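Colleague:
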Amino acid sequence: MKFNQAKCRVLHPGHGNPKHKSGLGREWLESSPEEKDLGVLVDERLNTSQHCTLAAQKANHNLGCIESSVATRSQKVIQALCSALVRPHLEYCVQL
């Protein structure tokens, strides 16, 4: 399997990690303080709080769009839209 070196980065997890350089073939790979894997943003300390913050921002944005664009204030309609458009952002890989 061939890897695209431009898309490969190294994440050095852990507090006291010496951050050795890693290579792929003849070129060195770039080090990164945070990476997104399977849609989840993880930093060097394996902390996902930034991912949770971004998920909440997306959910709030979608909720604002629903409130500004839907003319009806029927509870059933709002609840269905929130379940379809807001809830998935809050549930995907976000654990309390």
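Numbers 1 to 96, taken from the UniProt record's numbering, label the letters of the sequence shown in order. Note that CB positions come from ideal geometry on N, CA and C, so glycine has one too. Since the model is a prediction, treat every value here as computed from it, not as a measurement.
(1) Can you find the residues in the same chain that come closer than 7 Å, C-beta to C-beta, to residue 54, ignoring five residues on each side of it along the sequence?
(2) Starting from residue 91 and walking both ways along the alpha helix (DSSP H), at which residues does that stretch end?
(3) Given that a residue counts as buried once 16 or more other Cβ atoms are within 10 Å of its Cβ, and exposed if not, what is residue 56?
(4) Does residue 77 have its Cβ less than 9 Å from a Cβ in chain B?
(5) For residue 90, which option in 8, 68, 52 has the closest C-alpha, if you only look at C-alpha atoms?
Modeller: Let's see:
(1) Excluding residues within five positions, the ones whose Cβ falls inside 7 Å are 41.
(2) For residue 91, the enclosing alpha helix (DSSP H) has its first and last residue at 87-91.
(3) Residue 56 should be labelled exposed.
(4) The displayed structure is made up of one protein chain only, and chain B is not part of it.
(5) The shortest C-alpha separation from residue 90 is found at 52.
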